[in-house]
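Residue numbers (our numbering): 350 to 905. Virtual Cβ for every residue (Gly too), placed ideally from N, Cα, C. Only a predicted model underlies this, so the values are computations on that prediction, with no experimental measurement involved. Comments concern the structure below.
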């Protein structure tokens, strides 16, 4: 009897788990803790096998039945209630069920731009803080504020989905929220007393053309050949992918979270006894793109020997290593003396103290691991690299010839470690590759997947990467605003933006920043726009001003 029961049970289970059970797939945006725009006919969409019938129910009383089309796409609009929640959305098809829990109805805003929008509430270390961050994080238990942060993604064509998740505001999560967007949301919440949802899509150091749809950006002088450029980059990517396929790779974001630690190679390349006779030589300080490493993003080790006279007082010595774009870890005689392994320090001076027991009279060796994840890279700046004494006077100059070795390449979100016969010198030489500065690639990867999710409006903090091209920005920026409004089909939704940071922009004419701000001012001709002035709350020595609470308040 027991055997018969087990047999029947197996038959029952096999029937309920059969492979042809329709699967309902949802975009990442439609997930637990989401916020929907209140009192709107908001779209929901996704994928299922063609012809699949789907029943949708909500705990606020809206029910719909619809069918996936011949391509496996489904799309439906549902009326949302006035601000409130939590609600549950359920989608069923046969034995397949998807439940979206803890859903609120409120105000939804898109927050985008470059590093000043990306900068988190916790700041980027002690050199690039956010005002009152510790207190703000501790007091951030505001469950009706939620943020969806999109993983950095580039695309040749508009993507259908993105990576990310909704996070509820609390002391555990808020430190990683965009500071500008969080303080905007907090002030808005205090004024309106309704749930606030922020969709955060930003990437440091990126220009406006990267965030603009191809059909619009190609109308701007200088970007007419975007289609050709993208096609060339795609062809080159295939060649490069074939060359890279056998190399060890790790996800860039995982490496970033781990501080780019690589125990074996860190020990090897920082060792003062390492034979570097086969390494090339580079004059520093300088961006490496202006030297031997053209169009290279990756990890490069730099080394230099220096001599300390017998009579040198080894106490309180420091190493000034210029500015390093983007990140670094520095060693002297195999011992770590400092480093910046968080994003956002590409323009920060590196000044590292060293314990006297690490140094000795005679020959010493300094080794620096430099990580550049996009655009310019290397050890650069106008000041001399040097060993400084206790009075910060130059004891020994370190400017001049350094040995260097590229050990890894960063490509499309992964770090590939060179090995054997595959190294920088014999990698495929390509004239164009996909990068975050290329026109339309961030629109494709980080904006297109959000459309047509209903939003109330957008906030934008960008422009620093376009300094020096103000005339072009006068045309480009309004086109970007218009393009977003067109693809969303929500009319002239509010679009509020922030002036570029008041900063001493290197390698730019003195008036370049003022000209860019004027171009931003001219964009006020577009309907329903507003600009936040920041010249009174910045720091000319820091491109990432710390007073993000006030920026957010002014935006709201």
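Could you compute how far the alpha carbon of residue 751 sits from the alpha carbon of residue 638?
Here residue 751 is taken as the residue at index 402 of the chain shown, counted from 1. Here residue 638 is taken as the residue at index 289 of the chain shown, counted from 1. Approximately 15 Å, taken between the alpha carbons.
Determine, for residue 456, whether the minimum Cβ-Cβ distance to residues of chain C falls below 8 Å.
Checking the listed chains, one finds no chain C in this structure; it contains a single protein chain.
Output the distance between the C-alpha atoms of residue 390 and residue 560, rounded to the nearest integer angstrom.
For the purposes of this step, residue 390 is identified with residue 41 of the chain shown, where counting begins at 1. For the purposes of this step, residue 560 is identified with residue 211 of the chain shown, where counting begins at 1. Going from the Cα of residue 390 to the Cα of residue 560 covers about 27 Å.
Hey, would you say residue 510 sits closer than 8 Å to residue 376, going by beta carbons?
Here residue 510 refers to the residue found at position 161 when the chain shown is read from its first residue. Here residue 376 refers to the residue found at position 27 when the chain shown is read from its first residue. In contact: residue 510 and residue 376 (Cβ atoms closer than 8 Å).
Below 8 Å between beta carbons: does that hold for residue 816 and residue 862?
Residue numbering aside, residue 816 sits at position 467 when the chain shown is read from its first letter. Residue numbering aside, residue 862 sits at position 513 when the chain shown is read from its first letter. For residue 816 and residue 862, yes; Cβs fall inside 8 Å.
Close-in-space but distant-in-sequence residues of the same chain around residue 889 (CB under 7 Å, 5 per side omitted)
Residue mapping note: residue 889 aligns to position 540 of the chain shown, counting from 1. Taking residue 889 as the centre and dropping the five residues before and after it, the same chain places the C-beta of 851, 852 and 853 closer than 7 Å to its C-beta, in chain order.
If the criterion is Cβ atoms closer than 8 Å, does the pair residue 457 and residue 804 meet it?
Start at 1 with the first residue of the chain shown, and residue 457 comes out as number 108. Start at 1 with the first residue of the chain shown, and residue 804 comes out as number 455. Against a cut-off of 8 Å, the Cβ pair of residue 804 and residue 457 comes out as a contact.
Residues that DSSP places opposite residue 386 in a beta bridge:
Against the chain shown, residue 386 aligns to sequence position 37. DSSP output for residue 386 lists 455 as bridge partner(s).
How would you write the range of the beta strand (DSSP E) that residue 439 sits in, first residue to last?
The residue you call residue 439 lines up with position 90 of the chain shown. It spans 433 to 442 - the beta strand (DSSP E) in which residue 439 sits, taken as one unbroken run.
Look up residue 527 in the DSSP assignment and say whether it is helix, strand or coil.
Locating residue 527 in the chain shown gives position 178, counting from the first residue. Strand.
Taking the DSSP output, what are the residues bridged to residue 872?
As a working mapping, residue 872 is identified with position 523 in the chain shown. Per DSSP, none; premise fails for residue 872.
Neighbour-count burial assignment, residue 769, 16 or more Cβ in a 10 Å radius
Locating residue 769 in the chain shown gives position 420, where the first residue counts as 1. So residue 769 counts as exposed.
Under 8 Å, do residue 736 and residue 651 count as touching if we go by C-beta distance?
The sequence position of residue 736 within the chain shown is 387, counting from 1. The sequence position of residue 651 within the chain shown is 302, counting from 1. One thing to note: residue 736 has its Cβ no nearer than 8 Å to the Cβ of residue 651.
Mind checking residue 882: buried by the 16 CB within 10 Å criterion, or exposed?
The residue labelled residue 882 in the question sits at position 533 within the chain shown. Its Cβ having fewer than 16 others within 10 Å, residue 882 is exposed.
Taking the alpha-carbon positions, what's the residue 714 to residue 631 distance?
Your numbering for residue 714 matches position 365 in the chain shown. Your numbering for residue 631 matches position 282 in the chain shown. Computed Cα separation, rounded: 16 Å.
From residue 765 to residue 776, what does the alpha carbon distance come to, in whole angstroms?
Working through the chain shown from its first residue, we reach residue 765 at position 416. Working through the chain shown from its first residue, we reach residue 776 at position 427. Roughly 12 Å between the two C-alpha positions.
Residue from 545, 465 and 500 with nearest C-alpha to residue 529
Here the question's residue 529 lines up with position 180 in the chain shown. In terms of Cα proximity to residue 529, the closest of 545, 465 and 500 is 465.
Going by DSSP, what residues sit across from residue 806 in a beta bridge?
Position 457 of the chain shown holds residue 806. Paired residue(s): 458.
To the nearest angstrom, how far is it from the Cα of residue 903 to the Cα of residue 827?
One-based indexing of the chain shown puts residue 903 at position 554. One-based indexing of the chain shown puts residue 827 at position 478. Straight-line Cα distance between these residues: approximately 21 Å.
From the DSSP output, read off the bridge partner residues of residue 404.
On the chain shown, residue 404 is found 55 positions in, with the first residue counted as 1. Answer is 414 and 441.
Do you know how far the Cα of residue 445 is from the Cα of residue 617?
Stepping through the chain shown from its first residue, residue 617 is reached at position 268. Stepping through the chain shown from its first residue, residue 445 is reached at position 96. Rounded to the nearest angstrom, the two C-alpha atoms are 53 Å apart.
Should residue 760 be labelled buried (16 or more other beta-carbon atoms within 10 Å of its own) or exposed?
Here the question's residue 760 lines up with position 411 in the chain shown. Buried: at least 16 other Cβ atoms inside 10 Å.
Local Cβ density within 10 Å of residue 608, reported as buried at 16 or more and exposed below that
Sequence index remark: in the chain shown, residue 608 carries index 259 (1-based). It counts as exposed.
For residue 535 and residue 494, what's the separation of their Cα atoms in angstroms?
Within the chain shown, residue 535 is the residue found at index 186, counting from 1. Within the chain shown, residue 494 is the residue found at index 145, counting from 1. Roughly 7 Å separates the two Cα atoms.
Within its chain, find whatever has a CB closer than 6 Å to the CB of residue 819; leave out the 5 residues flanking it on each side and keep chain order.
Here residue 819 corresponds to residue number 470 of the chain shown, with the count starting at 1. Contacts found: 864, 865 and 868.
Is it buried or exposed for residue 387, if we count other Cβ within 10 angstroms and need 16 for buried?
Sequence index remark: in the chain shown, residue 387 carries index 38 (1-based). Taking all protein chains in view, the Cβ of residue 387 is crowded by 16 or more other Cβ atoms within 10 Å, so the residue is classified as buried.
Check this for me: beta carbons of residue 434 and residue 454, under 8 Å apart or not?
For the purposes of this step, residue 434 is taken as the residue at position 85 of the chain shown. For the purposes of this step, residue 454 is taken as the residue at position 105 of the chain shown. Yes.
Segment limits, beta strand (DSSP E) that includes residue 721
Position 372 of the chain shown, counting from 1, holds the residue named residue 721. 711 to 721 is the span of the beta strand (DSSP E), which, as asked, contains residue 721.
Have a look at residue 692 and residue 744 and give me their C-alpha separation to the nearest angstrom.
Counting from 1 along the chain shown, the entry for residue 692 is found at position 343. Counting from 1 along the chain shown, the entry for residue 744 is found at position 395. Those two C-alpha atoms are separated by around 31 Å.
Selected residue, minimal CA-CA separation from residue 407, among 450, 372 and 395
Taking the first residue of the chain shown as position 1, residue 407 is located at position 58. For the residues 450, 372 and 395, the minimum Cα distance to residue 407 belongs to 450.
Residue from 574, 701, 845 and 477 with nearest C-alpha to residue 810:
Taking the first residue of the chain shown as position 1, residue 810 is located at position 461. Distance check between residue 810 and each of 574, 701, 845 and 477 places 845 closest, using alpha-carbon atoms only.
Whole angstroms is fine: what's the gap from residue 663's alpha carbon to residue 701's?
Against the chain shown, residue 663 aligns to sequence position 314. Against the chain shown, residue 701 aligns to sequence position 352. Taking the straight line joining both Cα atoms gives about 14 Å.
Tell me the DSSP secondary structure of residue 898 in three-state form.
Translated into the one-based positions of the chain shown, residue 898 becomes position 549. In this structure, residue 898 counts as helix in the three-state DSSP scheme.
Tell me which same chain residues have a C-beta within less than 8 Å of the C-beta of residue 790, skipping the five on either side of it?
For this step, residue 790 is matched to residue 441 along the chain shown. Excluding sequence neighbours, residue 790 sits near 503, 504, 505, 559, 579, 783 and 784.
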